[in-house]
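Counting in the numbering used here, the sequence shown runs from 8 upward without gaps. Beta carbons: idealized from backbone N, C-alpha and C, even for Gly. The block underneath contains the structure these notes are about, expressed in structure tokens.
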Amino acid sequence: MAKKCGWLLLLLPALACAGNVASGSAGAIPRQPVIQLLTSACLAKAGQEPLLKSLLSSPAAASAYCGCAGERIVGGLSDDELMDAVSKGKGVAQDPVWKRRLLNVGLQCLDQLVK
Numbered sequence: 008m009a010k011k012c013g014w015l016l017l018l019l020p021a022l023a024c025a026g027n028v029a030s031g032s033a034g035a036i037p038r039q040p041v042i043q044l045l046t047s048a049c050l051a052k053a054g055q056e057p058l059l060k061s062l063l064s065s066p067a068a069a070s071a072y073c074g075c076a077g078e079r080i081v082g083g084l085s086d087d088e089l090m091d092a093v094s095k096g097k098g099v100a101q102d103p104v105w106k107r108r109l110l111n112v113g114l115q116c117l118d119q120l121v122k
């Protein structure tokens with residue numbers, strides 16, 4: 008379990024970096040573009056980390072996992088929470104509350120790795 012948690016933490020900066028891109032919008036954030044940003048950031052991070060490359064062993068597995076994570080993160084947030092995450096940008100990965108939330112979402116999507 009600790010090994011899985013460790014590699015999930017590697018995805019936190021990738022998931023958080025989408026906030027920097029989305030922060031240019033005013034008011035409520037459209038959810039679908041944020042999901043796409045998170046999914047793309049996750050896929051990019053997965054392609055850079057050797058451990059993630061082995062765990063997300065195929066493009067289909069990586070796409071399924073990252074899509075699940077993006078949808079669950081965004082789907083579980085209110086507009087205010089999403090704005091808070093966006094305002095933190097990459098710093099969201101350093102915030103203990105957000106770090107725990109992102110890790111929990113990553114754990115919820117582990118079933119995507121065995122498909």
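In the DSSP assignment, G54 falls within the unbroken alpha helix (DSSP H) covering R38 to Q55.
The DSSP assignment places complete alpha helix (DSSP H) segments of no fewer than 4 residues inside the segment 56-114 at 57-62, 66-82 and 86-95, in order along the chain.
By the CB criterion at 8 Å, A76 and L45 fall inside the cutoff.
Residues of the same chain with a CB within less than 8 Å of the CB of D102, apart from the 5 flanking positions on each side, are K95 in chain order. L117 is not a Cβ neighbour of V41, given a cutoff of 8 Å. In this structure L114 is not in contact with L63, their Cβ atoms being roughly 15 Å apart against a cut-off of 8 Å.
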